[in-house]
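**Student:** Here's a structure for you.
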Amino acid sequence: AITVDPDATGAAIGDTMYGVFFEDINRAADGGLYAELVQNRSFEYSTADNAAYTPLTSWTADGTAEAADDAGRLDDRNRTYLKLAAGSSVTNAGYNTGIRVERGKRYDFSVWARAEAGTTLTIGLKDAAGALAGARQVTAEGGWRKYTATLTATRTSNRGRLSVATTADAALDMVSLFPRDTYKGQPNGLRKDLAEKIAALDPGFVRFPGGCLVNTGSMEDYSEASGYQRKRAYQWKDTVGPVETRATNANFWGYNQSYGLGYYEYFRFAEDIGAMPLPVVPALVTGCGQNRATDDEALLQRHIQDTLDLIEFANGPAGSTWGKVRARMGHPEPFHLTHLAVGNEENLPEAFYARFAKFRAAIEAEYPDITVVSNSGPDDSGTTFDTAWRLNREGGVDLVDEHYYNSPEWFLQNNDRYDSYDRRGPEVFLGEYASQGNAWRNALSEAAYMTGLERNADIVKLASYAPLLANEDYVQWRPDLIWFNNRASWNSANYEVQKLFMNNTGDRVVPSTATTTPAVSGPITGAVGLSTWATSAAYDDVRVTAADGRSLFADDFSGDASRWTHSGAGSWSVQDGQYAQTDETAENTLVTVGDPAWQNYDLHVGATKKAGK
Ligand code: AHR
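Numbered by mature numbering (1 follows the signal peptide of the UniProt record, and there is no 0), the letters in the sequence shown go through residues 7 to 619 in order.
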């Protein structure tokens, strides 16, 4: 029986209790939430970012097109550009299957070009079946200038290609195509379906931009003095101002980041969806397996000053140094930043805390109303975790970020995790958590766990599932809350749980007691691993694949059959990207995926019936 006492006073639940964590992982920004349709628009992709990249990745040339990195460049922070010879053209393939356009909708093209006055640039949008919009022409006027054109799609296609042709030698940079229809019609805006799905959650806060992305790589800036570092920690100043002056970066997740979605756009999005912005800055100690602490005091002080400047960028008057940058970008009013986190999952608690304390002291001296969030390292328990918590407690820190990814059983068994947390503080920001899968049972275990977070709302102040977004063709991490490709997006079961809690957050906990034995008290039978039956007595060519057709075998198991088990006779192996029966003798084989990360997939058996059977 469950006994509820409606008159008893439980903890207040804040409006910001549940939020989202946006990290640029799984191409969540470029090729995702950022609505830009052109991939590698500024020719900055480099083998230094990813062995598979060149400055012409995602481009094909007809005629002569060469990347150049010389004094003729558009901007010192946007160093590579394209030299396109007279009579030549270049074509961009976008993301996934190509550029998605919808019949009747308008698309804003722009390019920075340097060509002799009178040179004609012709802009085309096509797929294999022909034109997707009437071609447009712009006439060059000499030196580097920005040219624009509007294209209206005459057909819908998921396989569009954007091309630029020139009548005379021309230099090109920042070749861009945006849907006119961005979220809330914002310029340099966000993809509408994805932004709407996030907004529909009604999140109380947006934590951004990472994650491991924030504090991995070099802490240096992008300058001649530092050798134009390409693998830098996320530094907010790289990401503001005109997009053609934002220095792209090679991110921790293995791809180039344009920073077209930068700090201004994050703040604007948080404001547009009525959520509290919660940025994370690097603490000069790397996390995510890269355990180094920076001892360069000048570098540390520069990052501390950058963080103070960030607060001025967000909240300062339009006349202040950084408030002016914000105002010039279109937002003279402040963004009302109240919380800021320093660091993410550092594995060196003493080194982290020593530097965190310096950030915190500097921030509190100048901005005493800002809550500075600390963290507890990469684990949910153990020596590193205990040391981090002890240091945070001794230092009187307000809020500590915890992260964990565990099995559904763990979430069911640890509902009481926060019942015993010390009420003297610090309070908890559960910045990242997920049960390892996108299946119903994962979502259910998260829902059960969230009742424990809510029961402890006096100490657990903020919680966000992670990660938020995944482009199905560029996956570094799963499960994820919202999935998409270039033409569609779809919610996970876990999304529905988050939505339910965020849209129905109570004001106050109503204390209750349960005397019933919970139906599930131990591990859920069969919960770990997907399984399906395959039979071959009457069938040829028995193959097991994901029910929705996704290529989980080819992409993610790389022929590693050891991550699969099967019972029964017969021999199986990974063939052509599928788990396939090779000798056709087995009957009633139970095929199981042992990796809990794959619980979101239903397995599907495909086979051809044998003749005469
Ligand atoms: O959410 C994915 C990653 O998980 C984050 O980048 C990191 O903080 C954690 O390890």
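Each residue gets a CB set at the ideal place from its N, CA and C atoms; glycine is no exception.
#1: In angstroms with no decimal places, state the Cα-to-Cα distance between A7 and A276.
#2: Restricting to runs no shorter than 3 residues, where is the beta strand (DSSP E) found entirely within the segment 281-356?
#3: For D199 versus L80, is the C-beta spacing smaller than 8 Å?
#4: Quick one: measure Cβ to Cβ for S441 and E452, integer angstroms, because I've assumed they're closer than 8 Å.
#5: Indicate whether the contact test is met: 3 or more Cβ pairs, each with one atom in the segment 36-45 and one in the segment 285-305, closer than 8 Å.
#6: Quick one, which of A176, A141, T173 has its alpha-carbon nearest T160's?
#7: For E352, verify whether its CB is less than 7 Å away from any heavy atom of ligand 1.
#8: Do you know how far the Cα of G110 is from the Cα of S48?
#9: Which stretch, first to last residue, makes up the alpha helix (DSSP H) that contains Y272?
#10: With DSSP as the reference, label K111 as helix, strand or coil.
#11: Which residue from G78, T251, A174, P340 puts its Cα closest to that of G93?
#12: Which residues share a DSSP beta bridge with Q263?
#13: Could you tell me whether the Cβ atoms of E408 and D386 are closer together than 8 Å?
#14: Does ligand 1 have a heavy atom nearer than 7 Å to the CB of S219?
#15: Look at the Cβ atom of V220, then the Cβ atom of N350, and state whether they are nearer than 8 Å.
#16: If we call anything under 8 Å between Cβ atoms a contact, is Y261 one with R83?
#17: Using beta-carbon positions only, say whether D312 and W242 come within less than 8 Å of one another.
#18: Quick one: is N509 buried, meaning 16 or more other Cβ sit within 10 Å of its Cβ, or exposed?
#19: Mind checking which residues open and close the alpha helix (DSSP H) that includes E147?
#20: Kindly indicate which residue of K203, I310, T66 has the alpha-carbon position closest to the one of H496.
#21: How far does the beta strand (DSSP E) with F27 in it reach, from first residue to last?
#22: Tell me whether I31, by its Cβ, gets closer than 7 Å to a heavy atom of ligand 1.
#23: Kindly examine ligand 1 and report whether one of its heavy atoms sits closer than 7 Å to the Cβ of P374.
#24: Applying the 10 Å Cβ sphere with the 16-neighbour rule, what's the burial state of S564?
#25: Which term fits H342, buried or exposed, when burial requires 16 or more other beta carbons within 10 angstroms of its beta carbon?
#26: Identify the continuous alpha helix (DSSP H) that holds A438 and give its terminal residues.
#27: Do V348 and F365 count as a contact pair if the criterion is CB distance below 8 Å?
#28: Do I317 and A368 come within 8 Å of each other at the CB atom, strictly closer than that value?
#29: Measuring only the C-alpha atoms, how far is D21 from I279?
#30: Could you tell me the alpha carbon to alpha carbon distance between V181 and W150, rounded to whole angstroms?
#31: Nearest to R167 by CA position, among F211, S64, V212, A35, is which residue?
#32: Counting only runs of 4+ residues fully inside the segment 461-530, write out the alpha helix (DSSP H) ranges in chain order.
#33: Look at the alpha carbon of E50 and the alpha carbon of A256, and state the distance between them as a whole number of angstroms.
#34: Please report how far the alpha carbon of R238 lies from the alpha carbon of G266, in whole angstroms.
#35: I'd like to know whether the C-beta atoms of F115 and L474 end up nearer to each other than 8 Å.
#36: Going by Cα to Cα distance, which pick from T389, T145, A289 is closest to W118?
**Tutor:** So, from the listed chains and residues:
#1: Residue 7 sits at position 1 when you count from the first residue of the sequence shown. Residue 276 sits at position 270 when you count from the first residue of the sequence shown. Approximately 42 Å between the Cα atoms of the pair.
#2: 282-287, 345-348
#3: Position 193 of the sequence shown, counted from the start, is the residue given in the question as residue 199. Position 74 of the sequence shown, counted from the start, is the residue given in the question as residue 80. No, they are not a contact pair.
#4: Stepping through the sequence shown from its first residue, residue 441 is reached at position 435. Stepping through the sequence shown from its first residue, residue 452 is reached at position 446. With a Cβ gap of about 5 Å, S441 and E452 count as contacting.
#5: No, they do not touch.
#6: By 1-based counting over the sequence shown, the position of residue 160 is 154. If we check each option's Cα against that of T160, A141 comes out closest.
#7: Numbered from its first residue, the sequence shown carries residue 352 at position 346. No, since every heavy atom of ligand 1 falls outside the 7 Å radius drawn around the Cβ of E352.
#8: Sequence index remark: in the sequence shown, residue 48 carries index 42 (1-based). Sequence index remark: in the sequence shown, residue 110 carries index 104 (1-based). Rounded to whole angstroms, S48 and G110 show a C-alpha spacing of 28 Å.
#9: The residue labelled residue 272 in the question sits at position 266 within the sequence shown. Run containing Y272: 269-278, per the alpha helix (DSSP H) assignment.
#10: Looking up residue 111 in the sequence shown gives position 105. Correct three-state label for K111: coil.
#11: As a working mapping, residue 93 is identified with position 87 in the sequence shown. Ranking the options by Cα distance to G93, first place goes to A174.
#12: Against the sequence shown, residue 263 aligns to sequence position 257. According to DSSP, which records beta bridges pairwise, Q263 is partnered with N255.
#13: Here residue 408 refers to the residue found at position 402 of the sequence shown. Here residue 386 refers to the residue found at position 380 of the sequence shown. Yes; because the gap between Cβ atoms is below 8 Å, this pair is in contact.
#14: Along the sequence shown, one-based indexing puts residue 219 at 213. The residue asked about is misnamed: residue 219 is Leu in this sequence, not Ser. Yes, Cβ of L219 sits closer than 7 Å to a heavy atom of ligand 1.
#15: Working through the sequence shown from its first residue, we reach residue 220 at position 214. Working through the sequence shown from its first residue, we reach residue 350 at position 344. Yes, the Cβ-Cβ distance between V220 and N350 is below 8 Å.
#16: Counted from its first residue, the sequence shown places residue 261 at position 255. Counted from its first residue, the sequence shown places residue 83 at position 77. The Cβ-Cβ distance between Y261 and R83 does not fall below 8 Å.
#17: The residue you call residue 312 lines up with position 306 of the sequence shown. The residue you call residue 242 lines up with position 236 of the sequence shown. In contact: D312 and W242 (Cβ atoms closer than 8 Å).
#18: As a position in the sequence shown, residue 509 is number 503, starting the count at 1. Label assigned to N509: exposed.
#19: Taking the sequence shown and counting its residues from 1, one reaches residue 147 at position 141. It is not in any alpha helix (DSSP H) - E147 carries neither H nor E in the DSSP assignment.
#20: Residue mapping note: residue 496 aligns to position 490 of the sequence shown, counting from 1. Looking at the sequence shown, residue 496 is not His but Trp. Cα-wise, what sits closest to W496 is K203.
#21: Residue mapping note: residue 27 aligns to position 21 of the sequence shown, counting from 1. Start and end: 24-27.
#22: Within the sequence shown, the letter at position 25 stands for residue 31. Answer for I31: yes, Cβ within range of ligand 1.
#23: Start at 1 with the first residue of the sequence shown, and residue 374 comes out as number 368. For ligand 1, not one heavy atom lies less than 7 Å from the Cβ of P374.
#24: Residue numbering aside, residue 564 sits at position 558 when the sequence shown is read from its first letter. Any answer about S564 is weak, because its pLDDT of 39 lies below 50 and its placement is not dependable; what the coordinates show is given next. The residue in question, S564, is exposed, as its Cβ has fewer than 16 Cβ neighbours within 10 Å.
#25: Your numbering for residue 342 matches position 336 in the sequence shown. It is exposed - the Cβ of H342 has fewer than 16 other Cβ atoms within 10 Å.
#26: Along the sequence shown, read from residue 1 onward, the residue named residue 438 stands at position 432. According to the sequence as given, residue 438 is Glu; it is not Ala. It is not in any alpha helix (DSSP H) - E438 instead sits in the beta strand (DSSP E) that spans 433-441.
#27: Here residue 365 refers to the residue found at position 359 of the sequence shown. Here residue 348 refers to the residue found at position 342 of the sequence shown. Closer than 8 Å, so yes.
#28: Translated into positions along the sequence shown, residue 368 becomes position 362. Translated into positions along the sequence shown, residue 317 becomes position 311. Cβ distance not < 8 Å, so A368 and I317 don't count as in contact.
#29: Position 15 of the sequence shown, counted from the start, is the residue given in the question as residue 21. Position 273 of the sequence shown, counted from the start, is the residue given in the question as residue 279. The straight-line gap from Cα to Cα measures roughly 14 Å.
#30: For the purposes of this step, residue 181 is taken as the residue at position 175 of the sequence shown. For the purposes of this step, residue 150 is taken as the residue at position 144 of the sequence shown. About 13 Å.
#31: Residue 167 sits at position 161 when you count from the first residue of the sequence shown. R167 has its Cα closest to that of S64, out of F211, S64, V212, A35.
#32: 499-509
#33: By one-based count along the sequence shown, residue 50 stands at place 44. By one-based count along the sequence shown, residue 256 stands at place 250. Looking at the two C-alpha atoms, the distance is approximately 10 Å.
#34: Taking the sequence shown and counting its residues from 1, the one referred to as residue 238 is at position 232. Taking the sequence shown and counting its residues from 1, the one referred to as residue 266 is at position 260. Rounded to the nearest angstrom, the two C-alpha atoms are 16 Å apart.
#35: For this step, residue 115 is matched to residue 109 along the sequence shown. For this step, residue 474 is matched to residue 468 along the sequence shown. Cβ atoms of F115 and L474: not closer than 8 Å.
#36: Indexing the sequence shown from 1 puts residue 118 at position 112. It is T145.
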